[in-house]
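In this note's numbering, the protein residues as written are 20 to 415.
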């Protein structure tokens with residue numbers, strides 16, 4: 020190892036000597052005329068290679084001190100490498116997240132309208148989409164169970180999970196017939212700010228804007244699933260972080276974790292960065308159901324949570340940061356569907372409207388906890404959907 024370090028030191032010093040000679044030649048020192056590089060080709064080449072020499076040297080050198088005319092230049096090679104690795108990792112995560120979001124939506128757009136949709140409706144078949152998380156798996160089964168109980172000879176086929184933005188793109192191009200969307204996400208899709216508005220006013224505005232795409236927003240299910248940011252309690256106490264605004268000063272010391280959709284939405288991570296001038300030490304991309312695993316492994320300090328996450332309900336290790344302004348809009352769960360399907364299948368719209376206020380947020384927390392414990396097996400999710408519909412019928 021010592022011989023390798025010594026060799027790298029010699030190479031590095033020799034490289035610096037060459038670079039100095041080239042610089043002097045470019046400055047026109049008479050006795051170095053023979054080294055002049057036409058159009059500065061050699062100089063540019065040297066400057067281009069320098070970062071790679073530093074990276075290679077850092078593998079064997081912890082630090083290097085050079086002395087020039089009595090002045091010392093001290094380079095922490097490992098620190099330079101670590102910083103570059105973190106920056107590359109951040110950029111890689113950002114790019115992969117954007118590609119993931121774009122890839123979800125691009126296929127339905129490229130394929131265009133599903134020309135077989137009218138035949139599907141004529142046969143009384145409907146396709147129900149779902150996002151990736153536990154609550155949406157449950158929602159898809161809740162829609163299917165309600166429809167099959169109330170619409171004669173209907174067949175429900177589940178695309179669960181189907182994706183995040185892909186659900187809306189699939190619905191837009193008639194590749195699915197319905198799914199449960201959130202009001203906050205809908206506002207993001209149409210670029211409107213309905214913070215402070217009632218749920219009814221928000222749904223009315225979204226329904227009006229969606230009509231041009233042949234999409235209807237129906238009545239809310241009752242539960243909401245608002246975003247929040249959570250931290251390890253000990254880390255938050257150490258840095259004095261209690262609210263989102265406190266992250267402005269603390270973010271350079273913290274690693275953030277979120278799923279690709281959250282990281283690339285302006286009502287989520289991109290808006291947070293801009294509003295609070297955040298610059299995290301690193302940003303880790305994770306699967307939506309792996310967020311708490313990254314916390315336990317110490318890979319993340321701050322991460323996106325949902326108000327329905329059972330891990331946040333009674334945790335002593337975690338705190339939810341206060342959203343005082345507030346930054347996040349409300350995310351009320353609402354079934355949305357193709358207007359043609361509602362028109363052509365008798366009883367379908369009435370069945371979906373029968374789900375209004377079917378489940379409260381506190382009950383959805385229990386659903387998510389049970390699915391997290393038992394797994395998101397379709398049989399488990401369908402059993403829970405039946406349970407809630409049966410309870411609702413008894414209460415009415």
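The beta carbon of each residue, even a glycine, is placed where N, CA and C say it ideally should be.
The structure presented is a predicted model; accordingly, all values stated were derived computationally and were not measured.
Buried/exposed call for residue i, threshold 16 Cβ in 10 Å
i: residue 131; result: exposed
i: residue 232; result: exposed
i: residue 177; result: buried
i: residue 256; result: exposed
i: residue 179; result: buried
i: residue 128; result: exposed
i: residue 142; result: exposed
i: residue 181; result: buried
i: residue 333; result: exposed
i: residue 260; result: buried
i: residue 336; result: exposed
i: residue 13; result: The displayed coordinates of the chain run from 20 to 415. Any statement about residue 13 would go beyond what the structure contains.
i: residue 184; result: buried
i: residue 85; result: Low confidence applies to residue 85: its pLDDT is 48, below 50, so where it sits in the model is not reliable, and the reading given next is rough at best. Classification of residue 85: exposed, given that the 10 Å Cβ count is below 16.
For residue i, three-class secondary structure by DSSP
i: residue 359; result: helix
i: residue 410; result: helix
i: residue 137; result: helix
i: residue 313; result: helix
i: residue 453; result: Past the boundaries of the shown model lies residue 453; the chain is included only from 20 to 415, so the question cannot be answered.
i: residue 178; result: strand
i: residue 318; result: coil
i: residue 287; result: coil
i: residue 32; result: helix
i: residue 341; result: strand
i: residue 389; result: helix
i: residue 167; result: helix
i: residue 213; result: coil
i: residue 376; result: coil
i: residue 332; result: helix
i: residue 142; result: coil
i: residue 248; result: strand
i: residue 234; result: strand
i: residue 93; result: In this prediction, residue 93 scores a pLDDT of 49, lower than 50, which makes its location untrustworthy; the coordinate-derived value is nonetheless stated afterwards. It is a strand residue.
i: residue 153; result: helix
i: residue 352; result: strand
Among the options, the one whose alpha carbon lies nearest that of residue i
i: residue 396; options: 36, 324, 157; result: 157
i: residue 250; options: 404, 284, 319, 165; result: 319
i: residue 301; options: 289, 287, 274, 324; result: 274
i: residue 134; options: 149, 368, 224, 192; result: 192
i: residue 266; options: 225, 280, 322, 234; result: 322
i: residue 151; options: 414, 402, 413, 387; result: 387
i: residue 245; options: 391, 149, 352; result: 352
i: residue 276; options: 311, 39, 262; result: 311
i: residue 341; options: 253, 149, 263; result: 263
i: residue 416; options: 299, 260, 303, 259; result: For residue 416 there is no data in the structure shown, the boundaries of the chain being 20 and 415.
i: residue 223; options: 359, 32, 355, 258; result: 355
i: residue 381; options: 331, 360, 327; result: 327
i: residue 330; options: 136, 162, 384, 253; result: 384
Any chain B beta carbon closer than 8 Å to residue i
i: residue 140; result: Here there is only one protein chain, and chain B is not present.
Cβ neighbours of residue i in the same chain (closer than 6 Å, five flanking residues each side left out)
i: residue 113; result: Residue placement at residue 113 cannot be trusted, given a pLDDT of 49 that sits under 50; what the coordinates show is reported in the next sentence. Excluding positions up to five away in sequence, the list is empty.
i: residue 160; result: 400, 401, 404
i: residue 209; result: 228
Cβ shell of residue i (< 7 Å), same chain only, five flanking positions each side left out
i: residue 241; result: 376, 377, 378, 379
i: residue 413; result: none
i: residue 314; result: 251, 322
i: residue 207; result: 284, 285, 286
i: residue 16; result: Limits of the chain in this structure are 20 at one end and 415 at the other, which puts residue 16 out of reach.
i: residue 189; result: 127, 148, 181, 195
i: residue 211; result: 224
Same chain, Cβ closer than 8 Å to residue i, five either side skipped, listed in chain order
i: residue 164; result: 401, 404, 405, 408
i: residue 364; result: 140, 143, 145, 170, 173
Taking one C-beta from the region 289-309 and one from the region 215-232 each time, how about it: are there three or more such pairs within less than 8 Å?
Touching, no.
Is the region 195-203 close to the region 347-363, with three or more CB pairs under 8 Å?
A contact exists between the region 195-203 and the region 347-363.
Counting Cβ pairs closer than 8 Å, one from the region 357-377 and one from the region 233-241, do we hit at least three?
Enough Cβ pairs lie closer than 8 Å, so yes.
Report yes or no: do three or more beta-carbon pairs, one from the region 167-176 and one from the region 223-231, lie closer than 8 Å?
The way I'd put it, the region 167-176 doesn't touch the region 223-231; fewer than three beta-carbon pairs between them come closer than 8 Å.
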